[in-house]
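Chains as they are written, first to last, in full-length UniProt numbering: chain F, 1 to 376; chain S, 1 to 376; chain D, 1 to 376.
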């Protein structure tokens with residue numbers, strides 16, 4: 001094991017984008033869909049995916065099972081230990097001491113940020129998902145002409161809560177990024193809100209309102225996380241190519257940091273933006289556990305071809321099962337350490353620089369962008 | 001040689017998409033264009049491509065020539081042995097026992113599926129190319145108002161022929177996938193058919209008729225193969241990005257299996273679809289012989305980053321020269337075996353799982369999707 | 001070191017697309033922005049990028065510093081030696097004997113082609129950037145109805161200058177390639193010129209005029225270089241996907257060679273075009289120094305998956321600092337040699353073929369396309 005791996009193993013990570021874990025014990029029928037973005041299908045097992053293989057390999061030992069334990073044994077042992085103990089083991093193993101938790105996606109009953117971080121002995125922060133704020137405003141009942149102000153007030157209130165350090169948008173899922181980059185006018189917003197509210201509100205996918213949401217994020221002044229690339233079947237992948245954000249990034253330069261999450265398969269497109277826009281950062285979050293340790297390095301190497309080392313962050317994007325908090329951290333450490341160490345070994349990179357870049361990506365860059373205090 | 005390579009070498013492959021081979025002896029002027037999607041150009045040789053290099057390396061020995069034999073010796077020896085013997089040698093060497101043959105593309109006089117399979121001692125099946133069916137309907141003469149029914153009847157008749165197990169569309173070449181996903185109405189089809197037939201029929205590229213063709217495939221109930229990505233100069237690559245199929249896949253979920261062929265350079269986009277849509281499968285067919293053994297593994301590794309192991313299939317997409325039936329099989333076996341064996345060696349994957357996934361991709365997945373009997 | 005590396009190290013390269021170097025001595029504040037397409041940002045250093053790391057590693061020794069010398073020492077030593085000596089060292093080390101210099105981008109005071117080549121003991125040629133010609137025509141004052149003729153006359157005059165061997169367009173930056181492929185009519189050009197000139201001329205980004213520029217390139221009969229892919233924040237990456245050129249390439253087949261520059265991250269899309277259009281060539285120029293030696297091979301391997309070996313060229317696309325002329329050449333030699341040698345070692349490629357392909361890509365292909373005499 002090289003010096004970079006040692007340093008990264010010892011480094012407590014800052015996970016700048018993740019979710020809570022399910023608090024209930026999970027049957028196999030409940031567990032399997034959580035391993036994938038695609039759901040569980042009859043006649044197959046979600047363990048027969050790269051993520052499922054990685055779980056059997058890297059998570060089974062933490063449940064006192066042999067590596068590559070069969071799926072049925074894995075799920076049985078998980079149930080035997082109980083959700084609380086399972087979550088504790090994986091969250092502790094992740095070696096993460098700061099969790100920035102997106103609290104806006106809760107189809108399951110999940111741990112709160114405080115509960116999640118407590119299980120790992122870490123510090124919780126919160127990321128406010130703006131679509132959820134907007135949809136709650138609609139659900140409470142609002143006139144179209146008052147929507148813009150009500151959403152803005154609700155967003156401002158949401159980010160004033162203690163521990164909130166950033167906001168997030170899933171515009172990639174709702175409209176994609178191929179939007180008019182300009183801030184919509186008040187009449188445009190009112191008209192779009194009228195249309196949306198007349199349909200009963202619900203899932204926000206009106207292009208004008210998504211644009212207004214992104215511009216509200218600018219006004220809020222906090223780092224904005226944007227889902228980019230891979231996801232569930234709701235994504236239209238080509239519309240989430242972050243290159244479509246270029247005009248908007250020009251218009252908003254000098255305002256808020258923009259954090260491109262996951263990015264696969266557009267990690268190179270994301271890197272181009274991070275290389276030329278001061279405010280753009282990226283991670284390969286969700287990809288880490290989906291492609292597993294076997295391919296995380298390959299993905300990260302593409303992401304890092306031109307990305308300045310100040311611009312790479314770590315996230316797990318783990319949702320629901322704490323296996324992914326562990327697997328994300330493990331994949332990230334191995335991928336980055338392998339990449340940097342090989343360059344050190346080939347004398348392409350000096351070891352002190354490699355150690356510096358590893359620390360930046362694993363913790364320092366995120367702390368700086370989100371203005372987090374260093375843990376004492 | 002590792003255990004996975006041994007198993008894959010011993011496994012008879014199911015080639016779920018290929019074409020026949022030219023029955024005539026070929027001069028160098030006739031042979032060279034068949035090595036490429038680009039034709040032969042003055043002042044150069046198509047042997048000076050990755051595919052040409054792979055042919056000289058991996059096919060020359062089967063003609064009793066040294067590895068890397070010069071192009072002129074290769075073509076001379078080929079002529080000396082005669083097409084029948086050359087085809088027999090390569091088709092036998094391929095180790096393929098099931099051939100699903102696309103019979104709808106015949107600029108040359110090709111072997112029938114039965115002739116192709118017989119040369120390898122394998123079993124033939126047929127894939128009906130729907131554009132060819134539609135164009136034949138137009139060529140026979142049909143009124144615009146009767147086109148939809150006539151095409152449907154002809155397609156139903158075509159797929160009732162013994163041995164037909166699937167259909168194919170080259171929509172990627174004709175319009176690309178950025179189509180209105182909805183089933184077109186009868187008046188729309190009639191209007192489009194009127195326009196097409198008024199122009200004399202021929203190459204079907206009317207967007208409405210291509211949509212109607214894809215929906216007819218849904219009605220036929222058989223697996224639908226879709227050309228995706230690389231091809232000849234008729235392709236507009238960006239319009240063949242399979243992510244454009246997302247809305248159509250939502251509308252047709254629960255109906256027919258959709259087989260994404262080749263996919264390069266969109267293998268990751270195809271993988272995203274295979275990961276989230278139950279009905280989507282993929283291969284990297286045509287890419288296997290064009291990139292050769294030197295790069296097939298790299299392409300396959302990208303394709304497999306998130307693809308469930310139940311969703312990968314093998315095809316050679318060989319056309320015209322039996323070299324490509326051999327080269328496709330060889331590239332596939334090496335690429336998949338190398339990928340899986342390295343993961344076994346790194347203890348990222350258990351050997352029994354690796355063997356299972358290899359068998360699935362090489363034969364079992366295709367047999368299941370196309371409901372093929374297992375050879376006795 | 002293998003035989004291919006030896007051959008490539010001994011081969012004088014033809015750099016078919018580069019720029020001059022700054023003639024003035026550079027302070028750190030002036031030097032750092034030249035290392036990146038993104039400018040220098042407060043609180044960070046452009047040395048903390050892959051390109052910056054590569055400069056400290058591979059350029060510092062040529063300034064008599066240790067490998068990985070700190071940034072401040074690097075810049076101090078650079079100043080101590082003076083621009084002339086620094087440029088001489090790097091340009092000599094590049095091992096390039098033919099420089100095709102794009103003279104149309106000059107935000108800094110740069111060496112002329114003759115000065116650049118003289119510093120390396122090489123031969124200069126010139127590439128005329130057509131947007132600069134068009135903008136100069138507008139700046140001199142022209143009526144809209146006379147613009148087409150005046151631009152054409154100016155372009156013809158520009159390419160008649162001694163040493164001009166090709167033209168270049170930055171259409172990728174101005175409109176992207178998703179243009180109507182047809183030659184615009186005279187009235188269309190006049191109308192677009194009227195609009196452009198009414199706005200004071202300046203940066204040419206009228207789609208009709210960009211189309212007319214590309215068609216004028218066809219009339220000029222010289223190889224046309226097209227910027228493709230990565231660049232500064234002015235690029236909209238997705239619109240520079242060269243697949244959008246397909247219809248235009250069909251219309252202009254049989255006329256001029258089209259040289260796709262850089263291409264990253266669309267190197268596979270560029271390769272598809274080079275594989276099927278006789279007139280299309282490619283390089284991975286700008287990517288070579290931005291991704292550095294650590295990743296140039298990976299990028300080149302993707303570019304070469306299906307590219308005929310007659311179609312790959314070398315360019316550095318170095319601008320401003322001679323470090324990049326050196327780094328481009330070093331990255332190219334290592335990447336190509338590594339790729340070819342490994343295939344030779346694996347017996348996938350015969351050594352004589354590898355040596356032939358290396359010479360073609362490093363010098364011969366460019367000399368043939370641009371009809372350059374061989375240096376005596």
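Heads up, the beta-carbon is just placed ideally off N, CA and C, and yes, glycines get one too. Note that the structure is predicted; figures quoted are calculated from it, not measured.
For chain S, the residues of the region 227-244 of chain F that bring a beta carbon within less than 7 Å of one of its beta carbons are 230, 232, 233, 236, 237 and 238, in chain order. When CB distances to chain D are screened at a threshold of 9 Å, the residues of the region 275-309 of chain S falling below it are 287, 290, 291, 292, 293, 294, 295, 298 and 299, in chain order. Here residue 173 of chain D carries a helix assignment [DSSP, helix/strand/coil]. The DSSP assignment places 171-174, 186-198 and 207-220 as complete runs of the alpha helix (DSSP H) inside the region 163-220 of chain F, in order along the chain (cut-off: 4 residues). Beta-carbon to beta-carbon, residue 280 of chain S and residue 261 of chain S are separated by about 12 Å, too far to satisfy the 8 Å threshold.
Exposed is the label assigned to residue 106 of chain F, since fewer than 16 other Cβ atoms lie within 10 Å of its Cβ. Counting along the chain, the unbroken beta strand (DSSP E) around residue 124 of chain F starts and ends at 123-129. Residue 320 of chain F is positioned such that its CB atom lies closer than 9 Å to that of residue 108 of chain F. Rounded to the nearest whole angstrom, the CA to CA distance from residue 90 of chain F to residue 277 of chain D is 54 Å.
Inclusion of residue 307 of chain D and residue 274 of chain D in the CB contact set at 9 Å is warranted, their separation being smaller than that value. With respect to chain S, the C-beta atom of residue 269 of chain D has a partner C-beta closer than 9 Å. For the set F:118, F:28, F:327 and F:238, the Cα lying nearest the Cα of residue 264 of chain F is the one of F:238. Judged by beta-carbon spacing, residue 93 of chain D lies within the 9 Å limit of residue 326 of chain D, meaning their Cβ atoms are closer than that value. Going by C-alpha positions, residue 211 of chain F is about 31 Å away from residue 207 of chain S.
No Cβ of chain F is located within less than 9 Å of the beta carbon of residue 345 of chain D.
The straight-line gap separating the alpha-carbon atoms of residue 19 of chain S and residue 116 of chain S is approximately 9 Å.
The closest CA to that of residue 255 of chain F, considering only F:236, F:224 and F:269, is found on F:224. Interface annotation, residue 337 of chain F: not in contact with chain S, CB-CB separation never under 9 Å. With the criterion set as a beta carbon lying under 7 Å from some beta carbon of chain D, the members of the region 350-367 of chain F are 350 and 353, in sequence order. For residue 228 of chain D, the uninterrupted beta strand (DSSP E) run begins and ends at 224-228, by DSSP. Contact annotation for residue 53 of chain S against chain D: 349 and 353 [CB-CB distance below 7 Å, chain order]. For residue 169 of chain S, same chain residues with a beta-carbon under 7 Å away, outside a window of 5 residues either side, are 130, 131, 213, 214, 217, 224 and 226 in chain order.
In the three-state reduction of the DSSP assignment, residue 289 of chain D falls in the helix class.
Taking 9 Å as the cut-off, the beta carbon of residue 167 of chain D is found no closer than this to the beta carbon of residue 154 of chain D. The beta carbon of residue 186 of chain F sits closer than 8 Å to the beta carbons of 148 from its chain, once the five residues preceding and following it are set aside; these are given in chain order.
Its chain contains 207, 210 and 211 as the residues whose beta carbon lies nearer than 7 Å to that of residue 179 of chain S, once the 5 sequence neighbours on both sides are disregarded; these appear in chain order.
Residue environment for residue 113 of chain S: buried (at least 16 other C-beta atoms within 10 angstroms of its C-beta).
If you look at residue 336 of chain S, you'll find it in the alpha helix (DSSP H) that goes 323-345. No Cβ of chain F is located within less than 9 Å of the beta carbon of residue 180 of chain S.
If one requires a minimum length of 4 residues, the alpha helix (DSSP H) runs lying completely within the region 40-64 of chain S are 50-58, in chain order. Under the Cβ criterion (8 Å, minimum of three pairs), the region 26-34 of chain D counts as touching the region 67-84 of chain D. A Cβ-Cβ separation of about 6 Å places residue 230 of chain F in contact with residue 287 of chain F under the 8 Å criterion. Residue 259 of chain F is bridged by DSSP to F:225 and F:281. In the structure shown, the three-state DSSP call for residue 22 of chain S is strand. Counting the other CB atoms within 10 Å of its CB gives residue 289 of chain D a total of 16 or more, which places it among the buried residues. Residue pairing from DSSP places residue 320 of chain F in a beta bridge opposite F:21.
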